[in-house]
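These notes are about the structure you will find just below.
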Amino acid sequence: MKLLLLLFLSVVSCSSRANLREEDIAKICSAYELQRRKGLRGKSGILGRYGEVMRKHTVEYGSMAQGAAHLASYPGRSGLAADRRPPAGRNKDRKPKPKRNETDASDASKRRMRKDYEGACYFGLGCFDNEAYGLGGLPDGSLVVKSFCRIYRRNERTGIRFTYMDVSAAVQLIHEPTELIVIVHGFTSESYANWVIDLMKKSLENTDCAVVTVDWAQGALGSVPYKQAIINSQLIGRQVARILFKLMDLTSGKISPENTHWIGHSLGAQMTIYFWDYFSEISGGRIISKITALDPAAPFYESSNLFLNTSMAEFVEVIHTSSGTGHGTSYGMSIPIGHVDFYMNGGDSPQPGCLAVMGPHCSHSRAQLFYAEAIDVKSPCTMFSYSCMGGRAQYEADECDVESENWSAITFNHTQNLPGRGIQFVDTEAKSPFCVPVEQVGPRKPKIKDDCNCVCP
Numbered sequence: 002m003k004l005l006l007l008l009f010l011s012v013v014s015c016s017s018r019a020n021l022r023e024e025d026i027a028k029i030c031s032a033y034e035l036q037r038r039k040g041l042r043g044k045s046g047i048l049g050r051y052g053e054v055m056r057k058h059t060v061e062y063g064s065m066a067q068g069a070a071h072l073a074s075y076p077g078r079s080g081l082a083a084d085r086r087p088p089a090g091r092n093k094d095r096k097p098k099p100k101r102n103e104t105d106a107s108d109a110s111k112r113r114m115r116k117d118y119e120g121a122c123y124f125g126l127g128c129f130d131n132e133a134y135g136l137g138g139l140p141d142g143s144l145v146v147k148s149f150c151r152i153y154r155r156n157e158r159t160g161i162r163f164t165y166m167d168v169s170a171a172v173q174l175i176h177e178p179t180e181l182i183v184i185v186h187g188f189t190s191e192s193y194a195n196w197v198i199d200l201m202k203k204s205l206e207n208t209d210c211a212v213v214t215v216d217w218a219q220g221a222l223g224s225v226p227y228k229q230a231i232i233n234s235q236l237i238g239r240q241v242a243r244i245l246f247k248l249m250d251l252t253s254g255k256i257s258p259e260n261t262h263w264i265g266h267s268l269g270a271q272m273t274i275y276f277w278d279y280f281s282e283i284s285g286g287r288i289i290s291k292i293t294a295l296d297p298a299a300p301f302y303e304s305s306n307l308f309l310n311t312s313m314a315e316f317v318e319v320i321h322t323s324s325g326t327g328h329g330t331s332y333g334m335s336i337p338i339g340h341v342d343f344y345m346n347g348g349d350s351p352q353p354g355c356l357a358v359m360g361p362h363c364s365h366s367r368a369q370l371f372y373a374e375a376i377d378v379k380s381p382c383t384m385f386s387y388s389c390m391g392g393r394a395q396y397e398a399d400e401c402d403v404e405s406e407n408w409s410a411i412t413f414n415h416t417q418n419l420p421g422r423g424i425q426f427v428d429t430e431a432k433s434p435f436c437v438p439v440e441q442v443g444p445r446k447p448k449i450k451d452d453c454n455c456v457c458p
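Taking this note's numbering, I'd label the letters of the sequence shown as residues 2 to 458.
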C-alpha cells in the first residue's frame with residue numbers, strides 16, 4: 002500500500018510531459034484497475050478520483066502516453082492534480098462549463114460510458130478494452146508473467162531467456178549493429194516446436210544475426226479457445242513492440258526497426274497487426290523492415306477484414322498453403338495481402354504430400370517446411386516462382402499465361418530485391434527436397450486425388 006501511495010505521489014507531482022513516463026502511468030492504471038475490481042473505487046481507494054481521471058483521459062485520448070501528456074499540459078498545474086477543483090470562492094463569477102454530450106465523445110469514450118465496458122491495463126503495455134478490434138474480450142492477464150522470449154546468437158545457441166519487463170540479458174549479446182529476427186509461433190504451438198528451432202538455426206547460418214523466439218504457449222495451447230488466443234495475441238504483440246523499443250534504446254541503436262525481420266506462422270503472422278499498431282504509437286510511426294507471414298490465419302481475420310497488410314513493414318511476403326479454396330476448411334488466408342504472395346502449388350489444401358483425410362492442418366504446417374528449406378544454405382535448389390497474367394483463376398484452369406518479367410523466389414534476404422510482385426506461384430515436390438530444378442519451373446500444377454497421395458495423369 003505504501004509503495005502504491007509513493008508511486009502515485011511521484012506521478013501527480015510531475016510538472017511536464019517529459020517527467021510523466023508511460024511506465025509510471027501504466028503502474029497507476031494497473032493499481033487503479035485492481036482497486037476497481039476489488040470495489041475500492043472512489044475516495045476510499047489509494048488513488049481516489051485521480052485514478053478515475055487517469056482512466057478517463059487514457060480512454061479518451063487513445064493511449065496512456067497521450068492521455069498523460071494532455072493532463073500534464075495544463076498551464077500552471079501539475080500532472081493529475083490539474084483536475085483538482087479550485088478552492089471555494091475562487092473564480093466564483095466564472096460560468097460553469099456545459100456538460101459534455103455523449104455525441105461529442107470519442108468512440109473510446111462512448112464505449113467507456115456503457116455498462117458492459119471492461120478494461121485492463123498492464124505495466125508498459127497500455128490499456129485494453131473488450132471491444133478493441135471487434136474481438137469482444139480481454140487478454141489473459143497472466144500472460145504478462147507467463148510469456149517469455151529467448152535470444153540466440155552464433156556464439157549462444159542454447160538461448161538466453163528474458164521478458165519484455167527486463168531485456169538486459171538480450172542487450173548483453175548485442176555489441177555491434179545487428180539484424181534482429183523475431184520468430185513467433187501460432188495457435189496450439191510453442192517456441193520449442195521443431196520448426197521454430199529449425200528456422201532459428203538456419204537464420205544463424207545465413208547471417209550473424211540475433212534471433213528472438215517468442216513463447217506465448219500459455220495463451221495459445223491446451224484448453225485455450227481459438228478466439229481467446231486471438232485476443233491474447235494483442236497483449237503479446239504489444240510485448241514484442243515494447244521489447245524492440247527497449248532494445249533500440251539500450252543498445253544505442255545497434256538494434257533498429259529498419260533492420261528487424263518478423264517471421265510468424267498462422268496467428269503469429271497476424272499478431273503483427275497489434276505489434277505494428279502499438280510500436281508505431283510508441284516509436285513515432287516507425288515500422289520494421291520485413292514480415293514473412295507463413296500461411297497467416299484466416300478464421301476471424303479474413304471475414305472481419307482485419308489482417309496484416311503492406312503498411313506494416315517495408316516489405317511483406319506471404320506464403321499460402323491452406324487457403325481453402327480447394328478441398329477442406331480454410332486455415333490460411335486466401336486473398337493476397339503482401340507485396341508478394343507465394344501460392345504454393347496454388348495455395349490450396351491439400352498440399353502435395355498431405356492426404357485429404359488429414360484435413361488442412363498438414364497443409365497449414367507445410368508453410369513452415371517450405372520456408373525452412375528455402376532459406377537453407379545447403380538446399381540443392383532455389384524455390385523460384387512465376388506469375389500468370391490471369392491470376393489464380395488462370396492457374397487453377399491450367400491455362401497460365403506466364404508473365405516472363407514478373408518472377409521471384411523465396412529466399413532469406415533477397416526476395417525484396419527481385420522483380421516479382423503480387424501473386425506468385427511456386428510448384429513443389431511432395432517431399433523434401435521440395436524445390437524443383439530451375440529448368441522445370443513453370444505451369445505444371447499436379448492434381449491430387451482426394452483419397453490418395455499420388456499425382457494423377
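All C-beta atoms, glycine included, are put in the ideal place defined by N, C-alpha and C. Predicted, not measured: the structure shown is a model, and the values here were computed from it.
Selected residue, minimal CA-CA separation from residue i, among the options
{"i": "Ala294", "options": "Phe435, Pro337, Glu374 and Ser305", "result": "Pro337"}
{"i": "Ala373", "options": "Phe308, Phe316, Leu205 and Thr189", "result": "Leu205"}
{"i": "Arg158", "options": "Val212, Ala410 and Ser257", "result": "Val212"}
{"i": "Ile198", "options": "Phe435, Cys150, Gln219 and Glu180", "result": "Cys150"}
{"i": "Pro434", "options": "Lys202, Ala398 and Val378", "result": "Val378"}
{"i": "Asp402", "options": "Trp408, Met390 and Gln369", "result": "Met390"}
{"i": "Ala464", "options": "Phe246, Gln229, Gly333 and Ser323", "result": "Limits of the chain in this structure are 2 at one end and 458 at the other, which puts residue 464 out of reach."}
{"i": "Asn370", "options": "Asn310, Tyr332 and Asp296", "result": "A quick correction: the sequence has Leu, not Asn, at residue 370. Looking at the Cα atoms, Asp296 is the closest of the given residues."}
{"i": "Ile161", "options": "Asp141, Val215 and Thr179", "result": "Val215"}
{"i": "Thr179", "options": "Asn131, His262 and Val168", "result": "His262"}
{"i": "Leu251", "options": "Leu309, Ala394 and Ile175", "result": "Ile175"}
{"i": "Glu191", "options": "Gly127, Ala230 and Val168", "result": "Ala230"}
{"i": "Gly333", "options": "Ala299, Gly360 and Pro361", "result": "Ala299"}
{"i": "Lys432", "options": "Ser331, Cys355 and Asp399", "result": "Cys355"}
{"i": "Pro1", "options": "Leu126, Ile182, Trp277 and Asp141", "result": "Outside the shown range of the chain (2 to 458) lies residue 1, about which nothing can therefore be said."}
{"i": "Gly286", "options": "Arg393, Glu259 and Met272", "result": "Glu259"}
{"i": "Cys128", "options": "Asn414, Asp399 and Gln240", "result": "Gln240"}
{"i": "Asn418", "options": "Ser290, Asp349, Ser366 and Ala398", "result": "Ser290"}
{"i": "Lys147", "options": "Ser284, Leu181, Ala133 and Met166", "result": "Met166"}
{"i": "Leu126", "options": "Lys247, Thr189 and Asn195", "result": "Lys247"}
Span separating the alpha-carbon of residue i from that of residue j
{"i": "Glu406", "j": "Thr412", "result": "18 Å"}
{"i": "Val437", "j": "Ile376", "result": "15 Å"}
{"i": "Val442", "j": "Thr164", "result": "44 Å"}
{"i": "Gly269", "j": "Tyr193", "result": "14 Å"}
{"i": "Gly187", "j": "Ser267", "result": "5 Å"}
{"i": "Val145", "j": "Cys363", "result": "31 Å"}
{"i": "Val439", "j": "Phe385", "result": "7 Å"}
{"i": "Ala170", "j": "Tyr153", "result": "11 Å"}
{"i": "Gly423", "j": "His340", "result": "6 Å"}
{"i": "Pro381", "j": "Ala410", "result": "14 Å"}
{"i": "Thr383", "j": "Gly120", "result": "49 Å"}
{"i": "Pro420", "j": "Met313", "result": "21 Å"}
{"i": "Pro351", "j": "Ser335", "result": "14 Å"}
{"i": "Lys228", "j": "Cys122", "result": "20 Å"}
{"i": "Glu461", "j": "Glu303", "result": "No information on residue 461 is available, as it lies outside the stretch 2 to 458 that the chain covers here."}
{"i": "Ser253", "j": "Ile182", "result": "18 Å"}
Presumed contact (8 Å Cβ cut-off) between residue i and residue j, rounded CB distance
{"i": "Tyr279", "j": "Ala242", "result": "4 Å"}
{"i": "Tyr387", "j": "Phe426", "result": "6 Å"}
{"i": "Ile288", "j": "Glu318", "result": "So it is not a contact: roughly 15 Å between Cβ atoms."}
{"i": "Leu307", "j": "Ile232", "result": "That belief does not hold up - the Cβ atoms of Leu307 and Ile232 are roughly 13 Å apart, past 8 Å."}
{"i": "Ala368", "j": "Ile292", "result": "Incorrect: roughly 14 Å between the Cβ atoms, too far for contact."}
{"i": "Pro353", "j": "Thr416", "result": "About 22 Å; that fails the 8 Å criterion."}
{"i": "Gln235", "j": "Ser143", "result": "The pair is not a contact, with the Cβ atoms about 14 Å apart (cut-off 8 Å)."}
{"i": "Ser281", "j": "Gly135", "result": "Not quite, the Cβ-Cβ distance comes to about 20 Å (not below 8 Å), so this is no contact."}
{"i": "Leu309", "j": "Ile274", "result": "6 Å"}
{"i": "Ile264", "j": "Leu200", "result": "6 Å"}
{"i": "Tyr396", "j": "Gly347", "result": "6 Å"}
Collapsed DSSP secondary structure at residue i in the structure displayed
{"i": "Ser388", "result": "coil"}
{"i": "Leu295", "result": "strand"}
{"i": "Thr429", "result": "coil"}
{"i": "Ser409", "result": "strand"}
{"i": "Tyr396", "result": "helix"}
{"i": "Ser290", "result": "strand"}
{"i": "Gly285", "result": "coil"}
{"i": "Ala211", "result": "strand"}
{"i": "Val403", "result": "strand"}
{"i": "Gly443", "result": "coil"}
{"i": "Gly423", "result": "strand"}
{"i": "Gly40", "result": "Any reading at Gly40 needs caution, since the residue's pLDDT is 43, under 50, leaving its predicted position unreliable; the model's value is listed next. DSSP places Gly40 in coil when its eight states are reduced to three."}
Interface flag, residue i vs chain D, CB-CB below 9 Å
{"i": "Lys379", "result": "Within the model displayed, chain D is absent; a lone protein chain is all it includes."}
- Query: Which full runs of the beta strand (DSSP E) of 3+ residues lie inside the region 118-187, going along the chain?
  - Reply: 120-123, 127-130, 149-154, 157-163 and 181-185
- Taking only runs of the beta strand (DSSP E) that begin and end inside the region 233-279, which ones reach a length of at least 3 residues, in chain order? DSSP runs (the beta strand (DSSP E)) wholly in the region 233-279: 261-266.
- Every unbroken alpha helix (DSSP H) within the region 305-392, with a cutoff of 4 residues, ordered by chain: Look at the region 305-392 and you find these whole runs of alpha helix (DSSP H), each 4 residues long or longer: 361-375.
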